[in-house]
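FYI, the numbering for the sequence shown is 134 to 383, going by this note's numbering.
Just so it is clear, CB atoms sit at the ideal spot from N, CA and C, and this is done for glycine as well.
Quantities reported herein were computed from a predicted structural model and do not represent experimental measurements.
Report on one structure; see the data block that follows.
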Amino acid sequence: MEEDPSSFMKEDKPKIPLVISFLTEVFGTTILMWMGCLGCIYTYNIGPVIPAFAFGLAVTSVIQIFGHISPIHINPAVSLGVLILGKMHWMRFIVYLLGQYVGAMFGFFLLWATMPYTEQTVCLLKVNSFANPLKAFFIEYFATMILMFVVASVVDPANSTYKDSLSLKLGMVVAGLVFSVEPSTGACLNPARSLPPCVFYNDFINHWLYQIGPFAGMATAAAMYRFLFDGTEKYSLHTFLKQKFTWCSH
């Protein structure tokens with residue numbers, strides 16, 4: 134059975150009540166926080182492998198569970214990118230953001246209530262000593278640009294070829310990015326994921342970069358994809374070249 138490559142991401146189901154979208158984002162982000170952060174306990178001396186697969190497979194699980202019910206994002210920066218791509222109404226965008234931040238807070242509370250006792254500050258993102266905050270910002274910025282390019286390719290109607298095992302593929306993209314970025318920044322990629330530990334431990338040092346970096350990266354990549362590569366966008370470079378230089382299309 135083939136799955137629509139864009140069904141989990143774009144607003145192609147206008148009859149979905151906003152309450153359902155809100156609830157899927159709440160429960161989806163709750164699962165992401167609990168499953169992903171639980172994988173970070175006692176792994177500080179092991180490296181990024183376990184956290185990468187914990188968060189990557191959490192993303193896979195959430196998309197598989199909720200993707201057919203409502204377009205699922207579980208990341209405010211992804212929602213902003215989808216909005217910029219023109220695939221989402223602004224009112225649904227606000228509902229998504231509320232659901233994601235509420236779900237992240239609830240997921241971290243659930244983690245705190247169920248995790249084994251530890252004196253570690255679990256899932257609290259810190260800039261590593263060899264990467265100053267400015268470098269960390271750009272690492273998060275470029276990593277989330279990559280993630281947004283993947284998302285944009287998924288919601289692009291032209292991408293109808295690579296549509297099998299989509300949830301697993303996206304989970305592996307997240308895992309790969311976490312694996313690459315975690316040694317430097319802790320690998321945020323998601324503003325909702327970074328906030329609850331800061332609130333719980335009352336530690337907001339360098340938190341700005343974990344909010345601004347992903348939003349800026351996703352917004353940049355979404356705008357670039359829409360106005361450079363999207364063949365359905367009236368004002369994109371792709372459309373312009375097809376119209377003005379038809380011989381290039383052959």
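### Task
Since I believe T277 is in contact with G350 (beta carbons under 8 Å), could you give me their beta-carbon distance rounded to a whole number of angstroms?
Confirmed, Cβ separation roughly 3 Å.
### Task
Counting only the same chain and skipping the five closest in sequence on each side, list residues whose C-beta sits under 6 Å from that of T163.
The residues are G236, F239 and G240.
### Task
For the alpha helix (DSSP H) holding C331, just list the boundary residues, first then last.
For C331, the enclosing alpha helix (DSSP H) stretches over residues P324 to Y334.
#### Entry: V211 versus P249 - alpha carbon distance
In a straight line, the C-alpha of V211 is about 32 Å away from that of P249.
### Task
Using alpha carbons as the reference points, say which of G309, K268 and A356 lies closest to A285.
The option with the nearest alpha carbon to A285 is A356.
### Message
Given a cut-off of 7 Å on the beta-carbon distance, is the pair V314 and I272 in contact?
### Response
In contact: V314 and I272 (Cβ atoms closer than 7 Å).
### 7 Å Cβ cutoff met for V192 and G346
Not closer than 7 Å, so no.
#### Entry: Integer-rounded CB distance, given that P181 should sit under 8 Å from P330
Wrong, their Cβ atoms sit about 17 Å apart, outside the cutoff.
### Query
Is the beta carbon of V255 sitting closer than 7 Å to the one on N339?
No, the pair does not count as a contact, with Cβ atoms beyond the cut-off.
### Task
State buried or exposed for T294, treating a residue as buried only when at least 16 other CB atoms are found within 10 Å of its CB.
Its Cβ having fewer than 16 others within 10 Å, T294 is exposed.
### Message
Let's see if you can read the secondary structure: which residues bound the alpha helix (DSSP H) around C170?
### Response
Where C170 is concerned, the enclosing alpha helix (DSSP H) stretches over L151 to L171.
### Query
Between N292 and Q253, what straight-line distance do the alpha-carbon atoms span, to the nearest angstrom?
So the alpha carbons of these two residues sit roughly 44 Å apart.
#### Entry: Alpha carbon of L230 to alpha carbon of A264, nearest angstrom
CA-to-CA, the gap between L230 and A264 works out to about 29 Å.
### Message
Measuring only the C-alpha atoms, how far is L299 from L322?
### Response
Straight-line spacing of the CA atoms in L299 and L322 works out to 19 Å.
### Task
Drop a sphere of 10 angstroms on the beta-carbon of Y274, count the other beta-carbons inside from all chains shown, and report buried for 16 or more, exposed for fewer.
Looking at its Cβ environment, which holds 16 or more other Cβ atoms inside 10 Å, Y274 is buried.
### A185 and A269 closer than 7 Å at C-beta
No, the Cβ-Cβ distance between A185 and A269 is not below 7 Å.
### Query
What residue from A187, A325 and G169 has the CA that sits closest to Y343's CA?
Considering only alpha carbons, the answer is A325.
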